[in-house]
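See structure below.
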Amino acid sequence: MKLAFLKIGELEGSLKHINALISDLKGRGVEIEEIKLDPQEIQKTVDALSEFKPNFTLDINGTGIIVGEQEGKKMPLHDLFGFVHFSIFTEEPFLHFPNLFGLSQNRNMVALVTDIKYVDSLRYLKVENVSYVTPFLDFSIFPPEPSEKEFDVTFIGPVINPEIVVNSVRQNLPENIFPLFIESGEFMFRNPEVNSLTAVNYILSIFNPQFQEEFGKWKKENEEAFLRLLNDISIYASMRKRWYILNFLEGINLKVVGDFQGDLLEDHEQIKADSYEELIEIYGKSYLSILSFPATVPTGIGFTPLEVSAMGSAVMIDYRGTLPGFLTPGEEVIAYMPLDRADIEEKVLYYLENLQEAVEIGRKARDAVINRYRVDDRAEFLFKMMNDIMSQAQAQSQEAEQK
239 MKLAFLKIGE LEGSLKHINA LISDLKGRGV EIEEIKLDPQ EIQKTVDALS EFKPNFTLDI
299 NGTGIIVGEQ EGKKMPLHDL FGFVHFSIFT EEPFLHFPNL FGLSQNRNMV ALVTDIKYVD
359 SLRYLKVENV SYVTPFLDFS IFPPEPSEKE FDVTFIGPVI NPEIVVNSVR QNLPENIFPL
419 FIESGEFMFR NPEVNSLTAV NYILSIFNPQ FQEEFGKWKK ENEEAFLRLL NDISIYASMR
479 KRWYILNFLE GINLKVVGDF QGDLLEDHEQ IKADSYEELI EIYGKSYLSI LSFPATVPTG
539 IGFTPLEVSA MGSAVMIDYR GTLPGFLTPG EEVIAYMPLD RADIEEKVLY YLENLQEAVE
599 IGRKARDAVI NRYRVDDRAE FLFKMMNDIM SQAQAQSQEA EQK
C-alpha cells in the first residue's frame with residue numbers, strides 16, 4: 239500500500255501533530271513518500287507521483303490538490319490519475335476555498351474533518367465523501383509540565399478589536415451588501431454554534447425581497463468574494479466574542495497570549511510567543527487558561543483546548559452541547575455560558591481564589607487528553623479505511639475481469 243504525503247514546506251503549529259500520524263502509518267507497513275509541493279514547479283510533483291505510483295495521496299486542508307484539465311473542465315489530478323486523495327481538514331474548509339473552488343468534480347477525494355459542521359462547507363464546495371475524526375496530539379512534542387506556575391490566569395488569543403475587522407471589511411465589500419455582514423456576524427455572536435453559511439442564509443431570509451435579489455445577483459457574479467465574506471463573518475464573530483469577554487474582565491491581572499490588535503485594558507498584559515514551542519510552554523505556566531471557541535470550530539473541540547490541557551492548565555471555555563462528548567465540564571474542563579457575564583466573572587474569580595482546584599482540573603484534563611486523543615487511534619481508523627478501499631478496488635477489478 240503506497241501513500242504520497244503532499245505538503246508545502248514544514249508543518250507548523252498544531253499541524254505538527256500530523257507528522258505523528260504519518261509516522262504511525264509507516265509503522266503499520268504503509269509505504270510513504272513525502273513530496274514537497276512547489277507552486278512554481280507543479281510538473282515536478284506530477285512527475286514524482288507518476289514515478290511513485292501511489293494508491294493514495296494525503297494533504298492538509300486541501301493544500302495538495304493539483305488541478306488539471308479534461309475536455310475544457312478543471313479537474314483534480316486524483317480524478318484524472320485514478321488514485322484516492324485524503325485531505326485532513328483541521329480548519330474550516332471555507333478558509334481554504336481556493337484549493338477546492340471551481341473544480342468540476344472531486345469523486346476520488348475523501349475529506350477527514352475535525353468538526354462535523356465542516357460537512358456543510360465541503361458539500362457547498364462539491365466534496366461529498368466526508369469522514370469525521372477527532373483532533374489528536376503528538377505527545378512527544380510537549381515539554382514536561384513546569385513544576386511551578388507563573389501566571390494565575392491567561393486568555394488565549396488571537397484577539398482583534400472587532401472594529402478593526404469591520405473597518406477592513408467595509409473597504410472591500412459593496413456598501414449595499416455590508417449590512418448583511420454585520421447582521422450575520424451579530425447573529426453568530428448570539429448563537430455560537432452556528433456556522434457562517436447557516437447564519438447568512440437565515441439573516442438573508444429576513445431582509446426584504448429587493449435586497450435578496452440584489453444579493454443573489456452579487457453572489458452569482460462574485461462567488462469567490464462571497465466565500466471571502468463567509469470567512470470575514472466568522473472572523474468578526476470570533477473576535478466579537480473574545481472582545482466582549484475581555485472588556486468585562488478589566489482590572490483582573492490577565493495575560494493575553496498571542497496576537498493582539500487593539501488597546502489593552504487595565505491590568506491586562508500581552509505575552510507574545512515567538513514560536514509554537516514557546517506557546518506550548520506558556521500554556522503550562524498558567525493555572526487557568528480562558529479560551530473562546532472560534533466561529534470556525536462550531537461543534538468540535540479544536541486542537542488548542544487539547545494542547546492547553548496536555549500542559550496541565552485548567553481550560554475555561556464556552557459551553558456548547560457537544561462539549562461533554564470531549565471533556566467533562568466541572569471535572570476536566572471549566573465551562574461558562576458564552577454570553578453570561580455573571581457566570582464568567584464568578585468562575586474566574588472563584589478559581590483565582592481556589593487555585594488548587596484549578597490545578598486538579600488541569601491534572602484530570604491532562605490525563606483525559608493523553609488517554610483519549612492519541613494519534614494511534616486515528617491512524618488505525620485511516621489505515622482501516624485505506625484497506626477497505628483497496629479491498630473494494632480489487633473486488634471490482636476481479637469482477638470486471640470475469641465479465
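Numbering (my numbering), first residue to last: 239 to 641.
Built from N, CA and C at the ideal position, the CB exists for glycine as well.
If I measure Cβ to Cβ from residue i and keep anything under 6 angstroms in the same chain, skipping five residues before and after, which residues do I get?
{"i": "R478", "result": "P400, F427"}
{"i": "L620", "result": "none"}
{"i": "F269", "result": "The sequence given here places Glu at residue 269; Phe does not occur at that position. Result list for E269: K240, in chain order."}
{"i": "S524", "result": "F389, T392, S551"}
{"i": "E421", "result": "I441"}
{"i": "N433", "result": "K355, P536"}
{"i": "S369", "result": "L350"}
{"i": "L259", "result": "V613, A617"}
Return the chain-ordered list of same chain residues with a C-beta closer than 7 angstroms to the C-beta of residue i, the five sequence neighbours on each side being excluded.
{"i": "L333", "result": "N469, T534"}
{"i": "E519", "result": "P381"}
{"i": "F464", "result": "K457"}
{"i": "N367", "result": "M347, V348, A349"}
{"i": "V371", "result": "L350, T352, R616, F619"}
Could you check the C-alpha separation between residue i and residue j for me, to the nearest Å?
{"i": "A437", "j": "G538", "result": "18 angstroms"}
{"i": "S252", "j": "P314", "result": "27 angstroms"}
{"i": "L296", "j": "M549", "result": "29 angstroms"}
{"i": "E591", "j": "K585", "result": "10 angstroms"}
{"i": "R604", "j": "S547", "result": "5 angstroms"}
{"i": "E307", "j": "P331", "result": "23 angstroms"}
{"i": "I483", "j": "I509", "result": "18 angstroms"}
{"i": "V613", "j": "D376", "result": "7 angstroms"}
{"i": "G423", "j": "L318", "result": "40 angstroms"}
{"i": "L526", "j": "F445", "result": "43 angstroms"}
{"i": "I528", "j": "D285", "result": "48 angstroms"}
{"i": "I582", "j": "N491", "result": "15 angstroms"}
{"i": "S629", "j": "V322", "result": "13 angstroms"}
{"i": "K387", "j": "Y589", "result": "14 angstroms"}
{"i": "E595", "j": "F290", "result": "54 angstroms"}
{"i": "I280", "j": "K274", "result": "10 angstroms"}
{"i": "A573", "j": "P567", "result": "6 angstroms"}
{"i": "R408", "j": "P417", "result": "10 angstroms"}
{"i": "F243", "j": "E451", "result": "44 angstroms"}
Give me the DSSP bridge partner(s) of residue i.
{"i": "L244", "result": "I273"}
{"i": "M554", "result": "I528, I572"}
{"i": "F319", "result": "Answer by DSSP bridge pairing: none, since F319 is not bridged."}
{"i": "L341", "result": "Answer by DSSP bridge pairing: none, since L341 is not bridged."}
{"i": "F541", "result": "F541 is not bridged to any residue."}
{"i": "P567", "result": "V571"}
{"i": "V397", "result": "F498"}
{"i": "L259", "result": "BP columns for L259 are empty, so no partner."}
{"i": "L232", "result": "A query on residue 232 cannot be resolved here, the shown segment of the chain reaching from 239 to 641 and no further."}
With residue i as the anchor, note down where its beta strand (DSSP E) starts and where it stops.
{"i": "Q508", "result": "506-509"}
{"i": "H323", "result": "322-327"}
{"i": "P314", "result": "311-314"}
{"i": "S369", "result": "368-370"}
{"i": "R392", "result": "The identity of residue 392 in the sequence shown is Thr, whereas the question assumes Arg. Note, T392: beta strand (DSSP E), 389-394."}
{"i": "M347", "result": "347-351"}
{"i": "F642", "result": "This structure leaves residue 642 out entirely; the chain is present only between 239 and 641."}
{"i": "E307", "result": "305-308"}
{"i": "V495", "result": "492-495"}
On the premise that residue j lies in contact with residue i, defined as a C-beta separation below 8 angstroms, what is that separation, rounded to the nearest angstrom?
{"i": "V553", "j": "V571", "result": "5 angstroms"}
{"i": "D556", "j": "P430", "result": "6 angstroms"}
{"i": "G540", "j": "P373", "result": "7 angstroms"}
{"i": "F324", "j": "L360", "result": "Not really, about 13 angstroms apart at Cβ, beyond 8 angstroms."}
{"i": "K254", "j": "E272", "result": "About 14 angstroms separates the two Cβ atoms, so there is no contact after all."}
{"i": "G496", "j": "G600", "result": "Their Cβ separation, rounded to whole angstroms, is 20 angstroms, which puts G496 and G600 out of contact at 8 angstroms."}
{"i": "E504", "j": "G522", "result": "With a Cβ gap of about 27 angstroms, E504 and G522 do not count as contacting."}
At what residues does the alpha helix (DSSP H) containing residue i begin and finish?
{"i": "P447", "result": "447-459"}
{"i": "Y611", "result": "That residue, Y611, is in no alpha helix (DSSP H); it is neither H nor E in DSSP."}
{"i": "K282", "result": "280-290"}
{"i": "K585", "result": "579-591"}
{"i": "L442", "result": "434-444"}
{"i": "R428", "result": "416-428"}
{"i": "S252", "result": "S252 -> no alpha helix (DSSP H), and no H or E assigned at all."}
{"i": "D358", "result": "356-362"}
{"i": "G522", "result": "514-522"}
Closer than 8 angstroms, CB to CB, is residue i near chain B or not?
{"i": "Y356", "result": "Here chain B cannot be found, since the structure has a single protein chain."}
Grab me the residues of residue i's own chain with a C-beta within less than 8 angstroms of its C-beta, minus the 5 sequence neighbours each way, in chain order.
{"i": "A580", "result": "none"}
{"i": "N337", "result": "N299, G300, T301, I303"}
{"i": "P532", "result": "S472, S476, G540"}
{"i": "L435", "result": "F332, D358, S359, Y362, L468"}
{"i": "V397", "result": "M477, R480, W481, L484, V494, G496, D497, F498, Q499, G500"}
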